[in-house]
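Peer 1:
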Amino acid sequence: MATREVVRAGPFAKVYDPTVGEHRPWCVEDHALVRADDGRWHLFGITRPESADPFHKVEFAHAVARDPHGPWTKRAPALTVDPGYGETQLRAPHVIASRGRYYMFYAGGGPDRTRAAMNLATSSDLFRWTRAPAGPLFRDGYDARDPMILRLGEKWVMYYCATGTPQGGHHVVCYRLSGDLTHWGDRHIAYTDPTLGTESGNTQCPFVVPHNGSWFLFIGPRTTDAGTDVFRSDNPFRFRIGDKVGHIRAHAAELVEDAGQWWITSAGRGQRGLHLARLSFPTRPPTISVPR
């Protein structure tokens, strides 16, 4: 019997420690890496003391390096929670560049967890950030969060995790389309998990990438707090539980491509920083069907 090809990661190495300059251990949780026009890499992510309330997510870490492997230089927080903007927390930043500006998408929470805010801040230099003056881009539940942005043809796609209904239900990966990164269309579902619930589901941290004619969805934590499942599809808008092609011991995983090589990150409570591992994909060139 032929062995099914799987997505695999090599050993993880710690590349950034947020405890530097602090009086007690700190951690990084959901995070993003982006390469600036000058070639430097920037890290943004939830950060807090290891012993703090796990729901106390009120600032985004910022660090800078010439290479994803470091050394990283810790900078002042990129954003802090703004109650006047309606934010109750800051979660899961994702940063992209477009037309000379940087866009940071993140979950801002709110008092009603069935109508959680998806927010946007922009910057010209990755150091100074300004929130969108019009307020949240949209609201969704339950605890909609963990945005990830992908360019697909003439449209931008935002993937994020939520539940089947704002009050709960199946944990899902949702997506919306935009032509300008500011106005987003209706909610659609790319993946529905068999599990039911509200917060802390197993469709967190969705990350979608194309490779060798396939589309790969990474979500987690699953099975354990440090466990990310990988699913493969011919369609970036449709993934199924039976499409699983890998399991990687990573938390809040993000993918980074550098000089033609893919890398996967891991960070979270107890890890005390950012970890990086080489990633390998299977090869199979299917016919890709992309809905309009």
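Numbering (the UniProt record's numbering), first residue to last: 1 to 292.
Here a beta-carbon is modelled for each residue, glycine too, at the ideal position from N, C-alpha and C.
Just so you know, these numbers come straight off a predicted model, no measurement behind them.
Rounded to a whole number of angstroms, what is the C-alpha to C-alpha distance between residue 122 and residue 214?
Peer 2: In the sequence shown, counting from the first residue as 1, residue 122 sits at position 122. In the sequence shown, counting from the first residue as 1, residue 214 sits at position 214. Approximately 31 Å between the Cα atoms of the pair.
Peer 1: Identify the residues that DSSP records as bridge partners of residue 229: which are they?
Peer 2: Translated into positions along the sequence shown, residue 229 becomes position 229. Beta-bridge pairing links residue 229 to 219, 247.
Peer 1: Using CA atoms only, rank isn't needed, just tell me which of 77, 112, 58, 180 is closest to residue 155.
Peer 2: Translated into the one-based positions of the sequence shown, residue 155 becomes position 155. With distances taken between Cα atoms, residue 155 lies closest to 180.
Peer 1: So, helix, strand or coil for residue 285, using DSSP?
Peer 2: The residue you call residue 285 lines up with position 285 of the sequence shown. Reliability of the predicted coordinates at residue 285 is poor, the pLDDT of 48 falling under 50, and no value is obtained from them.
Peer 1: Out of 182, 100, 170, 210, which one is the CA nearest neighbour of residue 152?
Peer 2: On the sequence shown, residue 152 is found 152 positions in, with the first residue counted as 1. Selected option, being the one with the closest Cα: 210.
Peer 1: For residue 123, which residues does DSSP report across the bridge?
Peer 2: As a first step, residue 123 must be located in the sequence shown, where it is residue number 123. DSSP output for residue 123 lists 102 as bridge partner(s).
Peer 1: If you measure between the beta carbons of residue 7 and residue 237, is that distance less than 7 Å?
Peer 2: Start at 1 with the first residue of the sequence shown, and residue 7 comes out as number 7. Start at 1 with the first residue of the sequence shown, and residue 237 comes out as number 237. No, the pair does not count as a contact, with Cβ atoms beyond the cut-off.
Peer 1: Thinking C-alpha only, which one of 19, 208, 76, 133 is nearest residue 127?
Peer 2: Residue mapping note: residue 127 aligns to position 127 of the sequence shown, counting from 1. Per the Cα distances, 76.
Peer 1: How big is the Cα-Cα spacing for residue 50 and residue 90?
Peer 2: The residue labelled residue 50 in the question sits at position 50 within the sequence shown. The residue labelled residue 90 in the question sits at position 90 within the sequence shown. Each residue's Cα considered, the two are about 17 Å apart.
Peer 1: Tell me which same chain residues have a C-beta within less than 6 Å of the C-beta of residue 228, skipping the five on either side of it?
Peer 2: What you label residue 228 is simply residue 228 of the sequence shown in a count that begins at 1. Contacts found: 218, 220, 248, 250, 253.
Peer 1: Do you know offhand how far residue 208's Cα is from residue 191's?
Peer 2: One-based indexing of the sequence shown puts residue 208 at position 208. One-based indexing of the sequence shown puts residue 191 at position 191. Cα-Cα distance, rounded: 12 Å.
Peer 1: Going by the beta-carbon positions, is the gap between residue 240 and residue 216 smaller than 7 Å?
Peer 2: Here residue 240 is taken as the residue at index 240 of the sequence shown, counted from 1. Here residue 216 is taken as the residue at index 216 of the sequence shown, counted from 1. Not closer than 7 Å, so no.
Peer 1: Can you grab the Cα-Cα spacing for the pair residue 17 / residue 40, in whole Å?
Peer 2: Position 17 of the sequence shown holds residue 17. Position 40 of the sequence shown holds residue 40. Looking at the two C-alpha atoms, the distance is approximately 18 Å.
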